[in-house]
Amino acid sequence: MRTHSIAQRLIAAVVVSQLLLAIGLFFVTVYFTHRQLLAAFDTELEGRAMSIAALVHYSEEEHPTLEFQQDMVPPSLERGHADLYQVFDQNGKAIAQSNKWPSLSLPPAARAAYANFEWNGESYRALRLKSVPVLDREAGTPASDFLTVTYASPTSPVIRTVARLRLYIAGGCVLLLCVTVPLAIWGLRRGLRPLEDLAANAALISTSNWELNPGAEAMATRELLSLTQAMTSMLQGLHRAFTQQREFLANAAHELKTPVAILKSTVQSLLQRPRSSEEYRAGLEQCLEDMARLEKLLHSMLRLARAEQWAAGSLQRDLADIDLRSTCDAAVDSIRPLAHQRGVQIEVSSNGPIPVRADPEDLELVWINLLENAVRFTPPSSSVRVLVGSDPQHGVVEIADSGPGIPEHELPLIFERFHRGDASRARDTGGYGLGLSIAKAVIEAYGGTIIPKSEAGVGTRMIVSIPKQS
Amino acid sequence: MRVLIVEDERRLAENVARSLREGAGYAVDCCFNGEDGLYMAENNPYDLLILDLMIPKLDGRTLLTRLRSQAARFPVLILTARDEKESVVALLNAGADDYLCKPFDLGELMARSKALIRRGKGQTAAVLKVADIEISTADLTVRRGGKPVPLTAMEYRVLEYLAHRPGAVVSKTELLEHLYDFNWERFSNVIEVYISGLRRKLEHGDTKLIHTLRGQGYMLRA
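Sequence order for the protein chains is A and B. Its first residue numbered -5, the first sequence is counted upward by one per residue in the working numbering. Its first residue numbered 752, the second sequence is counted upward by one per residue in the working numbering.
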């Protein structure tokens, strides 16, 4: 996968936006200044035209005519480039005209009209004012005399100024970019440093170090706080799961050692010296028995692992609506041979069906594990009682033995994997201390509880409740 | 030599016992819980105790501490399923002499047992020598002047026990206690039979090896 850098992207975005901003600023400034200058030029043109009109006066004759004071014409706006002017009276008779005059076509209607034109290789802007009254108005002069003044001036000064201005603004923008772009890059780099620190610290996490030390800067960064918290809680979860797995593995390996040691010693002692075929046969049968025990242990461990995995939600299952009683009956049926062998009675009492949503095999396994313990600890010719009932929310199964009871301090330990209350009793019947762990894992996977109650000399009761199917 | 095995896995205990009886010629008693083990260890003179740690009623560690506090002198070999350094150190400090991790090799267990017994009796070599007699404890054979001497199993056991304590007076009762396990009927006159058999096979001419001290016992000395 192609990788990309947040820093590079952000820097690119900042540079591009600053560039766009500078370009925009440049054009806007140039446009407005240009307009501003043109407006000033036009005002100037109007002033010139008016001052030209002011040079028209009446002659000192009896029938005065309009005259023009040629010598009073102001100098051109731009040195070396002559301004052009033309004055007519209302009858269209030319009163005054600059030395040179091009043929112009200006919109005739408007009172004031501007026009641009090229003349003599020069750009000109012209203004024509109509109906300008003659200033030199005295008694006896015709009131109806109006002038039409046209004044044109080269626009090169404006164009030059605008060009110069453009250069200045562009230079300013480039200068500004030179300062702001490095500043932005530095700021971004600086701002992203806590993220890099956090990544460096996260890289230190390993199976021997589960502590994330995000560093003061990352802790003080608001944007990173949620990330840091998420990482920390994720690490805690992982650590817990990892430790659990490792403990299970260690326990399992430890528990496997004994059956393997037995199997190995059986084979080795068989091979110690030449033996008769009957002896070999007996030895091989012993090996088979040893292997059966090993197999049983492996099966139990896998069962436990699966139940816990399911409880952790990583295993999907199909569940059916079943009657709690039928699973108990099935379990009791399968435990009866053992009970019979030990001379123990099993009494079952129940009333009415209790619907639960479960896999019947799971529940049967739980009852079998609990019943096996109960039968083991119950002295011969006594009985184990199974009570199947319910409360409003739960189906409740109580399995009670009449054994010696479990000491108070051992009660919290009995569900621990590979825990054996008294190793000898468990070993006598080939237990590995996994039955109760499996029962608990399965019941908890169904959202139920399993509570042991014990009284010395009276017996132990296991009370299991699992949610009813409503 | 007589060995006590305290191990709650019956099958494992029986396999080890069989292997020690057949491969080392030891008398072996088995106990399947700590209480029985302590009782047996307190009331019988063993040459070696093989002790599992995870045993019911009285755990191996406590048993060991109790025995050592009673000044029991025989070596103790621990069988353990744990092999962490700390627990091994703690065990040795509690008075254990050696340990083996499950699943162990029976051959190794036997070799270690022999070495522990040897050391417990102040010997170092696996081949015991008295005069020109060599007793190889590794393969249970005896040579005199380099030539193999055919001995019965019981004769070998008597000789091996005496050879572990050369120059010491060993009573008939001591021999009986160390050569037979708990379930055996003991008759002291059988010892005399084995001694005379040994004398016939090992002594030539005037060289006396096994001396009888009237009313006290026997002594192996060149």
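No residue lacks a Cβ here, since even glycine has one placed at the ideal position from N, Cα and C.
Item: Verify the CB distance criterion: does B:K865 have a CB-CB separation below 8 Å to chain A?; Value: no
Item: For B:R901, which residues of its own chain have a beta-carbon under 8 Å away from its beta-carbon, when the five flanking residues on both sides are left out?; Value: A quick correction: the sequence has Pro, not Arg, at residue 901 of chain B. Counting only Cβ-Cβ distances below 8 Å, and skipping sequence neighbours, we find K952.
Item: Which of the three DSSP states is assigned to A:M295 in this structure?; Value: helix
Item: Kindly list the residues whose CB is nearer than 8 Å to the CB of B:K865, restricted to its own chain and excluding five residues on each side of it in sequence; keep chain order.; Value: A775, A877, T888 and A889
Item: Does A:G424 pass the burial test, meaning 16 or more other C-beta atoms within 10 Å, or should it be called exposed?; Value: Per-residue confidence for A:G424 stands at a pLDDT of 48, beneath the threshold of 50, marking its modelled position as unreliable; the derived number appears in the next sentence. Exposed: under 16 other Cβ atoms inside 10 Å.
Item: For A:N110, list the residues DSSP reports as bridge partners.; Value: A:R119
Item: Residues of chain A with CB under 8 Å from B:D856, in chain order?; Value: K258 and Q262
Item: Which residue from A:H57, A:Y108, A:A76 and A:F62 puts its Cα closest to that of A:I89?; Value: A:F62
Item: Please give me, in chain order, every unbroken run of the beta strand (DSSP E) with length at least 3 that falls completely inside the segment 763 to 807 of chain B.; Value: 778 to 782 and 799 to 803
Item: Can you list the residues of chain B that A:A286 reaches, using a CB-CB cut of under 9 Å?; Value: Ordered by position in chain B, no residue passes the 9 Å Cβ test against A:A286, which lies about 12 Å from the chain.
Item: Considering only their Cβ atoms, is the gap separating A:Y145 from A:R42 smaller than 8 Å?; Value: yes
Item: The alpha helix (DSSP H) spanning B:L891 covers which residue range?; Value: Run containing B:L891: none; DSSP gives neither H nor E here.
Item: Against A:H248, what residues of chain B qualify as contacts under a CB-to-CB distance less than 8 Å, listed in chain order?; Value: A832 and R833
Item: The alpha helix (DSSP H) that contains A:D317, what's its start and end?; Value: Counting along the chain, A:D317 falls outside any alpha helix (DSSP H), though it belongs to the beta strand (DSSP E) covering A314 to D317.
Item: Do you know whose CA, among A:I0, A:V390, A:D312 and A:T201, lies nearest A:R183's CA?; Value: A:I0
Item: Going by DSSP, which residues form a beta bridge with B:C852?; Value: B:T831
Item: In three-state terms, what does DSSP make of B:M970?; Value: strand
Item: Could you check where the alpha helix (DSSP H) with A:L265 kicks off and where it finishes?; Value: R216 to L265
Item: Helix, strand or coil for A:T59 per DSSP?; Value: coil
Item: Using a Cβ distance threshold of 8 Å, determine whether the segment 439 to 456 of chain A contacts the segment 786 to 798 of chain B, with at least three qualifying pairs required.; Value: no
Item: How is the alpha helix (DSSP H) around A:A470 delimited, first residue to last?; Value: It is not possible to answer for residue 470 of chain A, since the shown part of chain A is limited to -5 through 464.
Item: Alpha helix (DSSP H) containing B:I961: first to last residue?; Value: Premise fails: B:I961 lies in the beta strand (DSSP E), I961 to L964, not in any alpha helix (DSSP H).
Item: Closest by CA to A:D353, which one among A:A333, A:D312, A:G231 and A:D385?; Value: A:D312
Item: Would you list the residues sitting across from A:H51 in a DSSP beta bridge?; Value: A:E61
Item: B:L891 to B:F938, Cα distance in whole Å?; Value: 24 Å
Item: Report the three-state DSSP secondary structure of A:K290 (helix, strand or coil).; Value: helix
Item: Return the bridge partner residues of A:S343 from the DSSP annotation.; Value: A:L381
Item: What are the boundary residues of the alpha helix (DSSP H) that A:F371 is part of?; Value: P354 to F371
Item: Looking at chain B, is there any beta carbon in it that lies within less than 8 Å of the beta carbon of A:K290?; Value: no
Item: Note down, in chain order, every chain A residue with its Cβ under 7 Å from the Cβ of B:V941.; Value: Those do not exist, as B:V941 stays about 25 Å from chain A at its closest Cβ, beyond 7 Å.
Item: Taking only three categories from DSSP, how would you classify A:Q84?; Value: coil
Item: Counting beta carbon pairs with one atom in the segment 904 to 924 of chain B and one in the segment 940 to 948 of chain B, are three or more of them shorter than 8 Å?; Value: yes
Item: Alpha carbon to alpha carbon, how far is A:E289 from A:I408? Give it in angstroms, no decimals.; Value: 23 Å
Item: Any Cβ of chain B within less than 8 Å of the Cβ of A:T423?; Value: Reliability of the predicted coordinates at A:T423 is poor, the pLDDT of 44 falling under 50, and the value obtained from them is presented with this limitation in mind. Cβ-Cβ to chain B under 8 Å: no for A:T423.
Item: Kindly say whether B:R812, judged by its beta-carbon, lies nearer than 8 Å to any beta-carbon of chain A.; Value: no
Item: Please report the distance separating the alpha-carbon of B:Y850 from that of B:L860.; Value: 9 Å
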